[in-house]
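**Student:** Before we start, here is the structure in question, set down as structure tokens.
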Amino acid sequence: MGQTVFIPKEVDGNEPRVAASPETVKRMAGLGFDVVVEAGAGLGSRIPDDDFAKAGARIGKASDAASADVVLKVRRPTEAELKGYKAGAAVIAIMDPYGNDAAVAALARAGVTAFAMEFMPRITRAQVMDVLSSQANLAGYQAVIDAAAEYDRALPMMMTAAGTVPAAKVFVMGVGVAGLQAIATARRLGAVVTATDVRPAVKEQVQSLGAKFLAVEDEEFKAAETAGGYAKEMSKEYQAKQAALVAEHIAKQDIVITTALIPGRPAPKLVSAAMVASMKPGSVLVDLAVERGGNVEGAVPGKVVTTANGVKIVGHLNVPGRVAASASLLYAKNLYAFLETLVDKAAKSLAIKRDDELVKATMLTDGGKVVHPNFAAAAALAEAAPAAAPAAVAKAPAAKAAREGAIPAKQDKVPSARARAKAEPPLKTGAVAKGGKPAKSKSGGDA
Numbered sequence: 003m004g005q006t007v008f009i010p011k012e013v014d015g016n017e018p019r020v021a022a023s024p025e026t027v028k029r030m031a032g033l034g035f036d037v038v039v040e041a042g043a044g045l046g047s048r049i050p051d052d053d054f055a056k057a058g059a060r061i062g063k064a065s066d067a068a069s070a071d072v073v074l075k076v077r078r079p080t081e082a083e084l085k086g087y088k089a090g091a092a093v094i095a096i097m098d099p100y101g102n103d104a105a106v107a108a109l110a111r112a113g114v115t116a117f118a119m120e121f122m123p124r125i126t127r128a129q130v131m132d133v134l135s136s137q138a139n140l141a142g143y144q145a146v147i148d149a150a151a152e153y154d155r156a157l158p159m160m161m162t163a164a165g166t167v168p169a170a171k172v173f174v175m176g177v178g179v180a181g182l183q184a185i186a187t188a189r190r191l192g193a194v195v196t197a198t199d200v201r202p203a204v205k206e207q208v209q210s211l212g213a214k215f216l217a218v219e220d221e222e223f224k225a226a227e228t229a230g231g232y233a234k235e236m237s238k239e240y241q242a243k244q245a246a247l248v249a250e251h252i253a254k255q256d257i258v259i260t261t262a263l264i265p266g267r268p269a270p271k272l273v274s275a276a277m278v279a280s281m282k283p284g285s286v287l288v289d290l291a292v293e294r295g296g297n298v299e300g301a302v303p304g305k306v307v308t309t310a311n312g313v314k315i316v317g318h319l320n321v322p323g324r325v326a327a328s329a330s331l332l333y334a335k336n337l338y339a340f341l342e343t344l345v346d347k348a349a350k351s352l353a354i355k356r357d358d359e360l361v362k363a364t365m366l367t368d369g370g371k372v373v374h375p376n377f378a379a380a381a382a383l384a385e386a387a388p389a390a391a392p393a394a395v396a397k398a399p400a401a402k403a404a405r406e407g408a409i410p411a412k413q414d415k416v417p418s419a420r421a422r423a424k425a426e427p428p429l430k431t432g433a434v435a436k437g438g439k440p441a442k443s444k445s446g447g448d449a
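By this note's numbering, the letter at position 135 of the sequence shown is numbered 137, and the numbering carries on one by one without gaps.
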């Protein structure tokens with residue numbers, strides 16, 4: 003019997019995706035793994051247990067995780083799930099570690115080797131493993147579908163004997179993977195589309211999709227992108243000019259889709275309450291960043307809000323999960339492609355090369371420790387802080403004998419996720435690769 007890969011059913015009731023498909027099950031078996039899929043794991047993605055079984059998987063139960071060498075998930079395992087994993091198991095998922103220090107510490111305590119797929123580097127060999135791009139692409143598509151469902155008019159222009167129905171005006175804010183797909187989908191549905199982004203490189207991409215690009219194109223704008231393709235922080239003067247231009251434009255739009263995300267930080271506010279109030283009754287805003295604080299003022303996670311002036315603000319959670327069947331197929335391929343790099347094909351066994359650039363970029367915990375450079379220092383301080391407290395308490399009686407009141411010793415503060423993130427560069431949102439094709443985005447929404 004070879005090493006075991008376990009695919010559990012996601013415990014989050016709002017997560018219909020699954021981390022494997024019949025195709026990837028067959029491929030994992032070809033690598034020498036015994037594959038166990040928890041019963042019902044694929045039902046939310048329209049994959050019945052029989053399909054997994056026909057591909058070579060054994061249909062099991064949650065307790066089978068205890069013997070698994072590899073666990074493939076969509077979302078980070080809970081502490082309850084981790085108690086059922088064996089130490090040393092490789093756990094691969096979207097870990098969402100920023101702002102979740104306790105969850106990262108739990109992964110380390112469990113002794114698992116955890117890989118955060120969202121940290122996959124932007125290099126050619128890793129493109130097939132880029133979960134953020136694969137899921138953001140579907141999020142951009144679904145955002146337009148959701149907007150069309152809430153908008154009570156047709157999107158394309160229609161000329162009939164009874165008269166003409168004008169085309170809907172759609173404005174996309176943030177031209178990364180999600181934004182580009184939103185533009186393409188809205189155009190296919192016949193809408194008149196405009197888009198904005200702070201990076202000049204995306205202008206050509208927007209125009210190639212048949213949309214118009216909106217920005218204050220001054221000298222600062224022309225230099226608004228780093229050599230690596232990241233957006234630079236703009237001056238307050240530029241931000242004011244851009245905000246005025248956007249505010250004027252939004253008032254004329256029927257649908258606005260926002261996609262801007264920054265890793266480790268709250269989503270930037272792009273649409274103010276005043277902008278929402280300026281829109282026509284029946285207009286629709288779709289906020290793809292609502293889970294991170296939202297780009298639209300007034301957006302509520304998990305709800306469609308109708309404002310006093312009749313504007314709908316759509317704040318659906320887990321938008322890729324709204325097209326779970328497609329999202330799972332792509333996500334499963336992303337995971338398989340990464341897992342394949344961790345396997346010694348001759349020995350047909352797991353052989354993690356810790357000096358590999360993909361492993362170094364994505365490994366979050368290993369050997370009972372937090373090893374990712376973005377989180378290791380904070381984890382070390384967190385471990386040291388509880389140890390410092392008893393020492394301070396031990397000194398207190400002696401100090402009290404010398405004077406009436408003991409002064410507690412200072413403890414080092416553990417840097418917050420937001421503080422750590424300030425040292426991180428903004429995530430790239432759709433630069434132009436060679437040949438004019440869109441490069442991969444790393445922001446999930448703009449994503």
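Where a beta carbon is used, it is the ideal one built from N, C-alpha and C, also for glycine.
Treat the numbers as computed from the prediction; the structure is a model and nothing was measured.
Which partner residues of Met-161 appear in the DSSP bridge assignment?
**Tutor:** Thr-166
**Student:** Enumerate in chain order the residues of its own chain whose CB-to-CB distance from Pro-322 is below 6 Å, with the five nearest sequence positions on each side excluded.
**Tutor:** The beta carbon of Pro-322 lies closer than 6 Å to those of Gln-137, Leu-140, Ala-141, Ala-329 in the same chain, with the five residues before and after it left out.
**Student:** Output needed for Val-20: all residues of its chain with C-beta closer than 6 Å, excluding positions within five of it in sequence on either side, in chain order.
**Tutor:** Ala-43, Gly-44, Ser-47, Ser-330
**Student:** Is Thr-26 closer than 7 Å to Ala-70 when the C-beta atoms are compared?
**Tutor:** no
**Student:** Where does Thr-367 land, buried or exposed, given buried means 16+ other C-beta within 10 angstroms?
**Tutor:** buried
**Student:** Applying the 10 Å Cβ sphere with the 16-neighbour rule, what's the burial state of Lys-23?
**Tutor:** Checking the displayed sequence, the identity of residue 23 turns out to be Ser instead of Lys. Ser-23 comes out buried.
**Student:** Rounded to the nearest angstrom, what separates Leu-341 and Tyr-100 at their Cα positions?
**Tutor:** Looking at the two C-alpha atoms, the distance is approximately 24 Å.
**Student:** Go through the stretch 191-220 residue by residue and report every complete run of the beta strand (DSSP E) that reaches 3 residues or more, in order.
**Tutor:** 194-198
**Student:** Quick check: Val-313 and Ser-285, are their CB atoms within less than 7 Å of each other?
**Tutor:** yes
**Student:** Quick check on Leu-319: buried or exposed, where buried means 16 or more other Cβ atoms within 10 Å of its Cβ?
**Tutor:** exposed
**Student:** Given Arg-127, which residues of its chain have a CB within under 8 Å of its CB, disregarding the five upstream and five downstream residues?
**Tutor:** Leu-360
**Student:** Based on Cα-Cα distance, which residue from Lys-350, Val-345, Gly-369, Ala-349 lies nearest to Asp-358?
**Tutor:** The option with the nearest alpha carbon to Asp-358 is Val-345.
**Student:** Which full runs of the beta strand (DSSP E) of 3+ residues lie inside the stretch 50-117, going along the chain?
**Tutor:** 60-62, 72-77, 92-96
**Student:** Less than 6 Å between C-beta atoms, sequence neighbours within five positions excluded: which residues of the same chain meet that for Lys-205?
**Tutor:** Phe-215
**Student:** Which residues does DSSP list as the beta-bridge partners of Ile-354?
**Tutor:** Beta-bridge pairing links Ile-354 to no other residue.
**Student:** Is the number of C-beta pairs between the stretch 262-272 and the stretch 293-312 that are closer than 8 Å three or more?
**Tutor:** yes
**Student:** Are the stretch 48-63 and the stretch 72-82 in contact at 8 Å, needing three or more beta carbon pairs?
**Tutor:** no
**Student:** State the beta-bridge partners of Lys-171 as determined by DSSP.
**Tutor:** Val-194
**Student:** I need the straight-line Cα distance from Ile-94 to Leu-182, nearest angstrom please.
**Tutor:** 28 Å
**Student:** Could you pull the start and end residues of the alpha helix (DSSP H) that Met-277 belongs to?
**Tutor:** 275-280
**Student:** Find out if the Cβ-Cβ distance for the pair Pro-168, Met-159 is shorter than 7 Å.
**Tutor:** yes
**Student:** From the DSSP output, in three-state form, read off Met-122 for me.
**Tutor:** coil
**Student:** Please report the straight-line C-alpha distance between Glu-239 and Val-325, rounded to a whole angstrom.
**Tutor:** Put simply, the backbone Cα of Glu-239 is about 41 Å away from that of Val-325.
**Student:** Are Val-177 and Asp-199 closer than 7 Å when you measure CB to CB?
**Tutor:** yes
**Student:** What do you get for Ser-289, buried or exposed, if any count of 16 or more other CB atoms within 10 angstroms of its CB means buried?
**Tutor:** This sequence places Asp at residue 289; Ser is not what is there. Looking at its Cβ environment, which holds 16 or more other Cβ atoms inside 10 Å, Asp-289 is buried.
**Student:** Return yes when the C-beta of Arg-78 is under 6 Å from any heavy atom of the ligand NAD, and no when it is not.
**Tutor:** This structure lacks the ligand NAD, and indeed carries no ligand of any kind.
**Student:** By how many angstroms is the C-alpha of Ala-164 removed from the C-alpha of Lys-11?
**Tutor:** In this model, Lys-11 and Ala-164 are separated by some 53 Å (Cα to Cα).
**Student:** Over the uninterrupted beta strand (DSSP E) stretch that includes Lys-28, give me the two end residues.
**Tutor:** Where Lys-28 is concerned, there is no enclosing beta strand (DSSP E), although the alpha helix (DSSP H) it sits in stretches over 24-32.
**Student:** Taking 6 Å as the limit between beta carbons, can you name the residues of its chain near Gln-144, skipping five residues before and five after?
**Tutor:** Val-321, Arg-324, Val-325
**Student:** Please report how far the alpha carbon of Ala-103 lies from the alpha carbon of Ala-116, in whole angstroms.
**Tutor:** Note that residue 103 corresponds to Asp in the displayed sequence, not to Ala. Taking the straight line from one Cα to the other gives about 14 Å.
**Student:** For Val-372 and Gly-266, what's the separation of their Cα atoms in angstroms?
**Tutor:** 17 Å
**Student:** Can the beta-carbon of Lys-171 be found less than 7 Å from the beta-carbon of Asp-256?
**Tutor:** yes
**Student:** How big is the Cα-Cα spacing for Pro-18 and Tyr-333?
**Tutor:** Cα-Cα distance, rounded: 12 Å.
**Student:** Looking only at C-alpha atoms, which of Asn-311, Lys-271, Thr-309, Ala-310 sits nearest to Glu-293?
**Tutor:** Selected option, being the one with the closest Cα: Lys-271.
**Student:** What are the boundary residues of the beta strand (DSSP E) that Ala-35 is part of?
**Tutor:** Checking the sequence shown, residue 35 turns out to be Phe, not Ala. Here Phe-35 belongs to no beta strand (DSSP E), and DSSP marks it neither H nor E.
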